[in-house]
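Step one of this worksheet: look at the structure below.
Numbering (my numbering), first residue to last: 2 to 925.
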């Protein structure tokens, strides 16, 4: 083969890997394991653009490197294939989402295989496959049959809880449960009806059905998570979203809040991601205070981290969704307050948490009594108070809290500055207003004041010390079709699990993918959507699981993807353990990553797995941005001006498809056929060319800057794509794609190929002994690559390969001793060309079975040094001398040098300074 024919080479080796199952991972206790994983993709109809494979290439390089290092590697791929886009397409076209999904998966798989990833395709999973979601349903059932015991600090079976109820009621039960769970004795339990018992158990189960305030999107016909809503509209489609109460399944993730917080200390993640999770969990240590409503039996519970500032309270604020808020509105305030509630309650919690500028609220007309001093304080409604955080009520101390202060200033409410020792440590500096003393807790440090205040609360029965978390229980249902059916039927209005032997509960056929005419979810359209048990037919749950269900445990299924008798064999989960390297986007920090950690800890509690953290090391790859090109149209004409001349005319910039631009030069013929209105376009050129403008933007179809990896592979090859994506810059950073720069990487691979061939294109590698310079170049590269793999600095490894190839080319090196290990070094980055070179070197097995070259530091030890010779402070020459010479020998060599003799002009130097290995300095 005379030339580097990348198309032929890549097709050949991709077929070889598939035919020989080269990347098959099996449990092998005699080998160390390495599990590397990418956050698996949702297969959209658009396929991959060049930004998508960035993280996949990085994990693939690590997987290949670890194989060379003797590790048994699990590197799988699958698809998060349930989701709203396929369902929306189904609604528009009537085509079943499974058909669209299958087509998209086929496209993704083809593209991924073309890039040459070392995936074990035998372990491919799809969340929409019944053989997969059977086990998602099974995990749901385990959660339903469990509760969280605070004393054991783990999930225990609901059967053990029932046994406690039968023995002594719930008096001694210390468990996570609903706030309104009643106390009952064992005799009470015995007398409860079956229905009442099930209602009580729902208050404890780790997945439970309850009325919850949700983000309801009528246009999409489903509930949306906070992350899917922006400024009151759905992120997908921009449809209006309203807040309403609905019966929903939820997961009691709050039971695991402290363990989720502490577990962050055990994982090697970036500090920003950890901090995002800490903030989302939002642990606060404080107190719950009970305020009596004036002239009422009602009380308002308030959680505060600064009960020591209670003398500075000038109003209470309730969340707009609060039922109590509506009850406390007096007639003279009703019109204004109810109008405010109607608007405020439909703003998403995310918007209300992040919006610090908008100040709005309404006075209820009612008052509460400060339990410390008996003072009357106003009760307001404010949207900066969230129903789901704490008690949905805030005791406002405007002088010492920024939001309270802004609200008080806006509505001209009293501000009191509490004077006490603790105030010096306050998170918000005292802001004016009336100065008051904090009474019996004055002149104490904050910690002591808090303790004293909590003691007072508990002694008087008006509150208690409490740890509060911002995290809420996770809503677990969507009113849509294309998702996992919940394995639940209803009897007497209460949920029961179907029999485990009846899993999977498969999605039924429906005539349309829209809600029913009565507003029920699409599953309400299914015929005979019922469950038969004990001779009776019962209705099945009509909602499906959310998108995060299948992605919360998929990393375990990869270990044993074909198992039909359990979600994964325990021996296999024990062997593979946690994912050693997980690569994906930081946008999943407070969604997928938290849910995955929660489900892993639960599976650990029930003994299904032996780890309680799923991902040891995680890297968040940056985004590859698009490089947009522009043409400049003269306003009112179909004439376009080249970039350098545009300021001479009145022009408007227009995005142009980057695929018709090369090195910023526009292909005029392609441009004129791009759109009908451009067919008769005229051009004002510079130097006979039309030069486009350029700008870095997000890669998107609307900006015509999407680059298809298929096009790059067709023109340059997959190995060039792989190396170039790594060469662009550090993995974690955002960087612009620039097709103009890909030529350099392609030339490097051709240069690598030519090292193994003579000028006529014939393969020519000799068995001659390598010299000192060749060995130094090789071992310098081995050392650099090992260091880069440890720090995941993939871009600098590509640079080191380029330097090595240039050095070996200059040395005219064609020696096996150098080129064989070089092929192994390059193989994780450019596997196709490396496999071909390995075969040409005479090997009959894949390069993936080779051993990584061993670094020998002796080859980097310098035997000589090029001494700069300074004469009167100026360098006049350099002399290459052995590092083994003494000072006197170095001085003698320097003084005898022709250039030095010329500058000495026959004189003896007044002073000679020799620093071995550094410099020779002469003074004359």
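Each residue gets a CB set at the ideal place from its N, CA and C atoms; glycine is no exception. Since the structure is predicted, the reported quantities are computational estimates derived from the model, not experimental observations.
Check: Can you tell me whether DSSP reads residue 577 as helix, strand or coil?
Finding: The three-state reading of DSSP puts residue 577 in helix, counting H, G and I together.
- Message: Can you confirm whether the stretch 154-163 touches the stretch 534-550 when touching is taken to mean that 3 or more C-beta pairs between the two stretches lie within less than 8 Å?
- Response: The stretch 534-550 is not in contact with the stretch 154-163.
For a test of the three-state rule: what should DSSP assign to residue 887, helix, strand or coil?
Coil, per DSSP.
*Could you check where the beta strand (DSSP E) with residue 398 kicks off and where it finishes?*
Premise fails: residue 398 is in no beta strand (DSSP E) and is neither H nor E.
ask   = Using a Cβ-Cβ cut-off of 8 Å (strictly less than) and excluding sequence neighbours within five positions of residue 692, which residues of its own chain qualify?
value = Excluding sequence neighbours, residue 692 sits near 643, 644, 645, 665, 666, 667.
Inspect the CB distances between the stretch 244-258 and the stretch 206-220 and report whether three or more fall short of 8 Å. The stretch 244-258 is in contact with the stretch 206-220.
TODO: Taking the CB atoms as reference points, tell me whether residue 117 and residue 589 lie closer together than 8 Å.
DONE: Cβ atoms of residue 117 and residue 589: not closer than 8 Å.
**Cβ shell of residue 818 (< 6 Å), same chain only, five flanking positions each side left out** = Here the set comprises 771.
| I think residue 265 touches residue 279, with their Cβ atoms under 8 Å apart; what is that distance to the nearest whole Å? | Right, the Cβ-Cβ distance comes to about 7 Å (below 8 Å), so this counts as a contact.
* To do: Return the chain-ordered ranges of every alpha helix (DSSP H) run that is complete within the stretch 262-311 and spans a minimum of 4 residues.
  => List check, alpha helix (DSSP H) in window: 272-282.
| field | Same chain, Cβ closer than 6 Å to residue 927, five either side skipped, listed in chain order | value | Residue 927 cannot be examined here, being either before or after the span of the chain that is shown, 2 to 925.
### Message
Taking the beta carbon of residue 861 as the centre, do at least 16 other beta carbons fall within 10 Å, making it buried, or is it exposed?
### Response
Classification for residue 861: exposed.
Pick out the complete alpha helix (DSSP H) segments inside the stretch 545-629, 4 residues or longer, and give them in chain order. Whole alpha helix (DSSP H) segments, 4+ residues: 549-552, 555-558, 571-577, 593-606.
Original post:
Would residue 87 be called buried (16 or more neighbouring beta carbons within 10 Å of its own) or exposed?
Top reply: By the neighbour-count rule (16 or more Cβ atoms within 10 Å), residue 87 is buried.
Q | Rounded C-alpha distance that separates residue 659 from residue 753 | A | Taking C-alpha positions only, residue 659 is separated from residue 753 by approximately 30 Å.
### Query
Can at least three beta-carbon pairs, one atom from the stretch 862-880 and one from the stretch 899-918, be found at a separation below 8 Å?
In this structure the stretch 862-880 touches the stretch 899-918; the number of beta carbon pairs closer than 8 Å is three or more.
Residue 471 and residue 401 closer than 8 Å at C-beta: Their beta carbons are not under 8 Å apart, which means residue 471 does not touch residue 401 by this criterion.
Subject >> Same chain only: Cβ atoms within 6 Å of residue 616, ignoring 5 sequence neighbours per side >> reply: So the list reads 580, 583, once near-sequence residues are dropped.
Open item on the list: Within 10 Å of its beta-carbon, does residue 30 have 16 or more other beta-carbons around it, so buried, or fewer, so exposed?
Closed with: Around the beta carbon of residue 30, a 10 Å sphere encloses fewer than 16 other beta carbons of the protein chains shown; the residue is thus reported as exposed.
Below 8 Å CB to CB, which residues in the same chain sit around residue 187 once its five sequence neighbours on both sides are set aside? So the list reads 166, 167, 168, 169, 170, once near-sequence residues are dropped.
| query | Would you say the beta carbon of residue 809 comes nearer than 7 Å to a heavy atom of the ligand NAD? | reply | Although the ligand NAD was asked about, the structure shown includes no ligands whatsoever.
| Collapsed DSSP secondary structure at residue 530 in the structure displayed | Three-state result, residue 530: coil.
Exercise. Using 10 angstroms around the beta-carbon of residue 700, count the other beta-carbons present and answer buried if the total reaches 16, otherwise exposed.
Key: With 16 or more Cβ atoms within 10 Å of its Cβ, residue 700 is classed as buried.
Which residues mark the beginning and the end of the alpha helix (DSSP H) in which residue 833 is found? Segment 832-841, the alpha helix (DSSP H) holding residue 833.
Please specify which runs of the alpha helix (DSSP H), each continuous and at least 4 residues long, are wholly inside the stretch 131-187, giving them in chain order. Qualifying alpha helix (DSSP H) stretches, in chain order: 131-145, 159-169.
For this session: Answer yes or no: do residue 732 and residue 793 have a C-beta to C-beta separation smaller than 8 Å?
Result: Yes, these two residues count as a Cβ contact at 8 Å.
| said: For the stretch 512-519 against the stretch 129-136, do three or more pairs of beta-carbon atoms, one drawn from each stretch, fall closer than 8 Å, so that the two count as touching? | reply: Contact fails: fewer than three Cβ-Cβ distances are below 8 Å.
**Request:** Mind checking which residues open and close the beta strand (DSSP E) that includes residue 366?
**Result:** Taken as a continuous stretch (DSSP letters only), the beta strand (DSSP E) holding residue 366 covers 362-370.
Item to check | Secondary structure of residue 441, DSSP reduced to three states | outcome: Unreliable positioning characterises residue 441 in this predicted model, as indicated by a pLDDT of 49, which lies under 50. The coordinate reading is nonetheless provided below. Secondary structure at residue 441: helix, using DSSP grouped into helix, strand and coil.
* DSSP three-state call for residue 51: helix, strand or coil? -> If DSSP states are grouped into helix, strand and coil, residue 51 belongs with coil.
Are residue 542 and residue 137 closer than 8 Å when you measure CB to CB? No, these two residues do not count as a Cβ contact at 8 Å.
- request: Measure the alpha-carbon distance for residue 12 versus residue 714 and round it to whole angstroms.
  value: The alpha-carbon separation between residue 12 and residue 714 amounts to approximately 11 Å.
Q.
Counting C-beta neighbours from all protein chains within 10 Å, is the total for residue 25 16 or more, i.e. buried, or is it exposed?
A. Exposed.
- prompt: In terms of DSSP beta bridges, what is residue 251 paired with?
  reply: For residue 251, which the question treats as bridged, DSSP gives the partners 209, 476.
* From what residue to what residue does the alpha helix (DSSP H) around residue 44 run? -> It is not in any alpha helix (DSSP H) - residue 44 carries neither H nor E in the DSSP assignment.
Query raised in the report: For the alpha helix (DSSP H) that contains residue 790, what are its first and last residues?
Result: Counted as a single uninterrupted DSSP element, the alpha helix (DSSP H) harbouring residue 790 occupies residues 773-792.
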